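Here the structure is laid out as structure tokens; the discussion comes afterwards.
Protein chains: 2
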Amino acid sequence: MAKGFQTLTGFRDFRPEDCAVRNYLFEMFRNVARRYGFVEYETPLLESTELYLKKSGGELSSQLFRFEDQGGRDVTLRPEVTASLGRLVTAVQRDYPKPLRWFEIGQCFRYEKPQKGRTREFYQFNVDLIGESGASADAELIALSIDLMTELGFVKGDFVIRLSDRTYWQNFGKSRNLTEQQTAELLQIVDKLEREKPEITEEKLSQLQLTTSEIQQAISQPESLGDNLETVLADLEARGMKDFIEVDLSIVRGLAYYTGIVFEVFDAKKSLRAIAGGGRYDTLITALSDGKVDLPAVGFAIGDVVIRHLIEETPHAHAQLQEYLENSTSCEIYVVLADQEKRAETLSLVSELRDLGFATIFSLAPAKVNKQFKQAEQLGAEVTIVVGSEYPELTVKNLRERTEKTIKADKHLFDTLVDIII
Amino acid sequence: MAKGFQTLTGFRDFRPEDCAVRNYLFEMFRNVARRYGFVEYETPLLESTELYLKKSGGELSSQLFRFEDQGGRDVTLRPEVTASLGRLVTAVQRDYPKPLRWFEIGQCFRYEKPQKGRTREFYQFNVDLIGESGASADAELIALSIDLMTELGFVKGDFVIRLSDRTYWQNFGKSRNLTEQQTAELLQIVDKLEREKPEITEEKLSQLQLTTSEIQQAISQPESLGDNLETVLADLEARGMKDFIEVDLSIVRGLAYYTGIVFEVFDAKKSLRAIAGGGRYDTLITALSDGKVDLPAVGFAIGDVVIRHLIEETPHAHAQLQEYLENSTSCEIYVVLADQEKRAETLSLVSELRDLGFATIFSLAPAKVNKQFKQAEQLGAEVTIVVGSEYPELTVKNLRERTEKTIKADKHLFDTLVDIII
Chain V
1 MAKGFQTLTG
11 FRDFRPEDCA
21 VRNYLFEMFR
31 NVARRYGFVE
41 YETPLLESTE
51 LYLKKSGGEL
61 SSQLFRFEDQ
71 GGRDVTLRPE
81 VTASLGRLVT
91 AVQRDYPKPL
101 RWFEIGQCFR
111 YEKPQKGRTR
121 EFYQFNVDLI
131 GESGASADAE
141 LIALSIDLMT
151 ELGFVKGDFV
161 IRLSDRTYWQ
171 NFGKSRNLTE
181 QQTAELLQIV
191 DKLEREKPEI
201 TEEKLSQLQL
211 TTSEIQQAIS
221 QPESLGDNLE
231 TVLADLEARG
241 MKDFIEVDLS
251 IVRGLAYYTG
261 IVFEVFDAKK
271 SLRAIAGGGR
281 YDTLITALSD
291 GKVDLPAVGF
301 AIGDVVIRHL
311 IEETPHAHAQ
321 LQEYLENSTS
331 CEIYVVLADQ
341 EKRAETLSLV
351 SELRDLGFAT
361 IFSLAPAKVN
371 KQFKQAEQLG
381 AEVTIVVGSE
391 YPELTVKNLR
401 ERTEKTIKAD
411 KHLFDTLVDI
421 II
Chain C
423 MAKGFQTLTG
433 FRDFRPEDCA
443 VRNYLFEMFR
453 NVARRYGFVE
463 YETPLLESTE
473 LYLKKSGGEL
483 SSQLFRFEDQ
493 GGRDVTLRPE
503 VTASLGRLVT
513 AVQRDYPKPL
523 RWFEIGQCFR
533 YEKPQKGRTR
543 EFYQFNVDLI
553 GESGASADAE
563 LIALSIDLMT
573 ELGFVKGDFV
583 IRLSDRTYWQ
593 NFGKSRNLTE
603 QQTAELLQIV
613 DKLEREKPEI
623 TEEKLSQLQL
633 TTSEIQQAIS
643 QPESLGDNLE
653 TVLADLEARG
663 MKDFIEVDLS
673 IVRGLAYYTG
683 IVFEVFDAKK
693 SLRAIAGGGR
703 YDTLITALSD
713 GKVDLPAVGF
723 AIGDVVIRHL
733 IEETPHAHAQ
743 LQEYLENSTS
753 CEIYVVLADQ
763 EKRAETLSLV
773 SELRDLGFAT
783 IFSLAPAKVN
793 KQFKQAEQLG
803 AEVTIVVGSE
813 YPELTVKNLR
823 ERTEKTIKAD
833 KHLFDTLVDI
843 II
């Protein structure tokens with residue numbers, strides 16, 4: 001058999017059962033964002049390539065879905081949202097009181113080698129707090145990331161927040177008389193510490209007159225965490241969230257634009273890539289606006305792919321998802337037409353049931369009563385209503401409880417049905 | 423002042439207030455789909471170009487965002503969803519009872535000249551009923567489109583469904599001994615009847631041995647509507663929806679793949695382009711699957727741009743939207759910290775309020791009490807809770823009703839607050 005049309009490598013179809021999982025994630029994202037007072041925005045999926053090059057300093061440039069449009073513009077499918085957010089905020093920030101509490105849920109595209117936990121498109125939940133420089137804003141976003149995990153059904157012991165501060169390394173660099181460029185190199189080395197071969201790390205550090213053991217000591221026995229980390233820790237303790245936190249100065253996050261506190265969410269076993277991450281980026285909006293707008297910011301992002309893996313591997317989180325899916329039936333009421341003479345009455349009843357808010361299905365084509373009941377079961381219907389020659393008398397069956405009742409199609413229909421269904 | 427980064431021509435930013443309107447539309451789309459027993463799916467935004475060329479027969483090919491990806495694939499940002507749906511259904515249809523009731527909400531991209539009601543990206547709500555050939559399926563989707571309009575606050579007199587059947591013209595062609603190719607040409611001429619210059623129409627028709635007055639008579643005085651149109655009309659009458667329908671045989675819809683009933687939703691004045699449209703496409707899935715899967719289908723689609731214009735121009739529909747927006751505040755409770763000594767208690771209270779489900783905001787940076795109250799008002803807070811030296815006693819103000827009350831931060835907090843807010 002010929003293969004026929006396929007999705008592109010690394011791209012996903014969401015069949016209804018997958019789309020329901022996606023929508024579950026989105027609902028949890030929105031629930032938590034709402035409780036923290038964040039409002040939703042959205043930027044275009046396609047932007048001028050220049051925007052991304054300016055922001056990321058080329059780090060993502062090898063992974064872009066980049067092309068020339070029919071008007072000769074150099075355009076790119078967004079690899080991430082923060083650059084667009086910076087552009088939008090620059091343009092409209094004057095219209096809003098600060099700080100902005102804004103979030104977005106949308107797709108991003110990166111041309112990477114597809115593998116477990118990594119696709120070429122993914123949904124990302126982006127949360128940004130813009131216009132507040134104090135570490136309490138960092139704490140607010142970290143708290144949000146913890147609440148998101150608990151909203152998804154995770155509990156203490158399932159995940160950990162690895163918390164760090166890039167200024168710690170800035171200060172470390174100063175104390176060793178490193179130049180800015182050398183400190184940037186040091187951050188890159190620290191970022192790769194867990195993945196790089198030890199001899200390569202040692203070699204790179206030696207060029208900065210440093211050793212691996214010095215760095216490991218700076219990570220494991222910091223002299224001082226600094227005011228910002230202390231503020232964040234005290235804040236999270238007051239919220240009853242300190243137990244989720246693991247200070248880990250080896251976390252610096254790869255992207256060059258972070259300027260202070262950074263954090264990543266990991267599964268407790270650290271068997272997966274970072275599930276989510278964020279941090280402070282106080283200079284990005286200034287850079288994107290050519291210095292016209294100066295707003296400090298802290299952001300957080302989580303993709304849909306890794307978190308879905310973790311949910312599926314965590315029994316209690318998975319059970320919560322399953323319960324959600326089971327409660328979202330596409331068919332609350334299936335109307336069985338037992339007497340073709342009553343087709344008009346059936347259509348009228350179906351309309352009324354839908355107007356009353358019930359998810360209602362009936363057989364579009366004439367079919368035997370048995371076949372209609374079979375379809376009702378296939379669709380997971382909660383209730384069937386049989387319309388027969390005795391109309392306006394209707395036979396209502398609750399398929400879950402296997403009970404049956406005769407009711408009238410009258411103005412009390414809604415209340416009667418709610419009693420039967422619930 | 424330099425312009426800085428801009429969105430691409432024809433692309434839109436959704437600031438929070440625009441995103442709220444978008445989300446309102448999505449919510450109405452999902453509400454109606456759910457009541458009709460439809461389940462949501464999603465396909466990739468990027469597909470092989472071949473898929474679209476095969477489906478549309480080149481009609482959209484001048485409007486594609488088409489490029490070569492890093493792997494040398496000829497790929498295209500989707501201009502519409504039905505081709506992807508056909509691909510997906512071909513691959514997975516065996517797993518589902520028929521008919522499929524599937525819907526999708528997502529973005530599409532067309533390189534067109536931007537103008538009022540036409541952008542280069544738009545959201546589209548696609549509803550498809552697959553696996554049922556009878557006209558009752560067509561009626562079901564037309565009913566859904568009517569219920570969608572009423573869900574959005576439109577009433578009789580605001581809009582009309584123009585209903586037609588392409589088989590009427592197929593039969594007309596046969597009666598005039600036209601070839602299939604000639605009948606296809608006739609459909610193109612009928613499609614452009616309202617927009618084309620009369621003399622050009624006359625000229626084109628004369629090549630088919632036809633005249634404009636013959637065609638106009640065929641439209642205004644049809645000898646027979648045919649069984650399918652009669653079935654649809656009887657069905658919609660039984661649902662109490664016939665008054666929304668205007669049989670109009672001049673509607674054939676441009677795309678070549680429609681095979682039977684077609685319909686379009688128009689504003690009553692017909693001052694805008696078609697708001698929505700759909701029809702039967704019984705051969706498309708067969709074609710996309712190279713004949714391996716043969717499923718009749720009927721679909722319906724509505725974009726977000728034109729309907730938003732119509733809502734804004736229709737006072738009662740607009741009022742419904744405004745009410746929705748006013749009820750979706752980002753701040754139910756603003757917690758005012760009146761005594762900096764109580765910062766830890768405030769953070770704990772904020773956490774608790776969010777756990778209880780309240781959208782809660784507080785001042786991240788220390789600020790004067792007056793300034794905090796001002797921010798609460800700017801954010802449209804419903805209630806403020808003041809945490810001061812008398813904690814755990816809290817002062818609660820309902821900002822809408824201008825009432826004030828002293829309560830305790832204890833285990834009855836939720837019930838107390840619900841009483842005050844509602």
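In the order they appear, the protein sequences are chains V and C.
Count the first sequence with our numbering and you get residues 1 to 422, in order.
Count the second sequence with our numbering and you get residues 423 to 844, in order.
The beta-carbon is built from N, C-alpha and C at its ideal position, and this holds for glycine as well.
Since we're looking at a predicted model, the values are computed, not measured.
C/L570 versus C/E804, C/F722, C/V809, residue with shortest Cα-Cα distance: C/F722
Could you name the residues that DSSP lists as bridge partners for C/E526? C/N548
Identify whether C/K691 lies in helix, strand or coil by the three-state DSSP scheme. coil
Against chain V, does C/R500 count as a neighbour if the rule is that its beta carbon must be under 8 angstroms from one of theirs? no
How close, in whole Å, do the beta carbons of V/V252 and V/S164 come, if the pair is a contact with beta carbons under 8 angstroms? In this structure V/V252 touches V/S164 by the C-beta definition: roughly 6 angstroms separates them, less than 8 angstroms.
Residues of chain C with CB closer than 8 angstroms to the CB of V/R239, please, in chain order. L769, S770, V772, S773
Strictly under 8 angstroms for the Cβ-Cβ distance: is V/Y36 near chain C by that measure? yes
Residues of chain V with CB under 9 angstroms from C/I783, in chain order? Y36, G37, R101
Check the Cβ-Cβ distances between C/E554 and every residue of chain V, and say whether any is below 8 angstroms. At least one CB atom of chain V sits nearer than 8 angstroms to the CB of C/E554.
Mind checking C/R542: buried by the 16 CB within 10 Å criterion, or exposed? buried
Closer than 7 angstroms at the beta carbon, the chain V residues around C/S567: Those do not exist, as C/S567 stays about 13 angstroms from chain V at its closest Cβ, beyond 7 angstroms.
Are the CB atoms of C/I783 and C/L801 within a distance shorter than 8 angstroms? yes
Is V/F14 close to chain C? Criterion is C-beta to C-beta, closer than 8 angstroms. Taking Cβ atoms only, chain C reaches closer than 8 angstroms to V/F14, which makes this a yes.
Check whether the Cβ of C/N599 sits closer than 7 angstroms to any heavy atom of the ligand ADP, and report yes or no. Ligands in the displayed structure: none, and consequently the ligand ADP is not present.
Under 8 angstroms, Cβ to Cβ, is there at least one residue of chain V near C/D491? yes
Taking the continuous beta strand (DSSP E) assigned at C/I697, which residues delimit it? Careful: C/I697 lies outside any beta strand (DSSP E) and carries neither H nor E.
As assigned by DSSP and simplified to three states, the class of C/R488: Secondary structure at C/R488: strand, using DSSP grouped into helix, strand and coil.
With distances taken between CB atoms, is the gap from C/T831 to C/L821 smaller than 8 angstroms? Per the sequence shown, residue 831 of chain C should be read as Ala rather than Thr. Not closer than 8 angstroms, so no.
With a 10 Å radius around its C-beta and 16 neighbouring C-beta atoms as the bar for buried, classify V/V155 as buried or exposed. exposed
Quick test of the definition: if touching needs 3 or more C-beta pairs under 8 angstroms, does the region 788-805 of chain C touch the region 724-740 of chain C? no
Buried or exposed: which applies to V/A2, given that a residue is buried once 16 or more other Cβ atoms fall within 10 Å of its Cβ? Its pLDDT being 45, under 50, V/A2 is placed unreliably by the model, and the measurement read from it follows with that caveat. Per the 10 Å Cβ criterion, exposed.
Sort V/P44, V/R101, V/E377, V/W102 by Cα distance to V/E80 and report the nearest one. V/P44
Between the CA atoms of V/L255 and V/R35 - distance to the nearest angstrom: 29 angstroms
Less than 8 angstroms between CB atoms is the rule here; does C/P718 satisfy it with respect to chain V? no
Meets three-Cβ-pair contact criterion under 8 angstroms: the region 714-728 of chain C and the region 680-699 of chain C: yes
Closer than 7 angstroms at the beta carbon, the chain V residues around C/Q794: In chain order: nothing, as chain V lies at least about 12 angstroms away.
Where the beta strand (DSSP E) through C/G810 begins and ends: First-last for C/G810: undefined, no H or E at that position.
Could you give the uninterrupted runs of the beta strand (DSSP E) lying entirely in the region 285-361 of chain V, keeping only those of 3 residues or more? Complete beta strand (DSSP E) runs here, min 3: 297-303, 333-337.
Residue-chain proximity (V/A367, chain C), Cβ-Cβ < 8 angstroms: Nearest CB-CB separation between V/A367 and chain C: not below the 8 angstroms threshold.
With DSSP run on the structure shown, which of helix, strand or coil describes C/V684? strand
Proximity winner among V/R110, V/F38, V/S48, relative to V/F487 (alpha-carbon distances): An answer regarding residue 487 of chain V cannot be provided, because it is not within the stretch 1 to 422 covered by chain V.
Helix, strand or coil for V/K77, going by three-state DSSP, please let me know. Note on identity: in this sequence residue 77 of chain V is Leu, with Lys being the wrong assignment. V/L77 falls in the strand class under three-state DSSP.
Which residues in the same chain have their Cβ closer than 6 angstroms to the Cβ of V/T384, if we skip the five residues on either side of it in sequence? Once the five neighbours on either side are set aside, the close Cβ partners of V/T384 are Y334, V336, A376, K397.
Straight-line gap, V/L321 to C/G459 (C-alpha atoms, nearest Å): Those two C-alpha atoms are separated by around 21 angstroms.
Is it buried or exposed for V/D95, if we count other Cβ within 10 angstroms and need 16 for buried? exposed
Going along chain V, which residues have a C-beta under 8 angstroms from C/E534? Here the premise fails: no neighbours, minimum Cβ distance about 10 angstroms.
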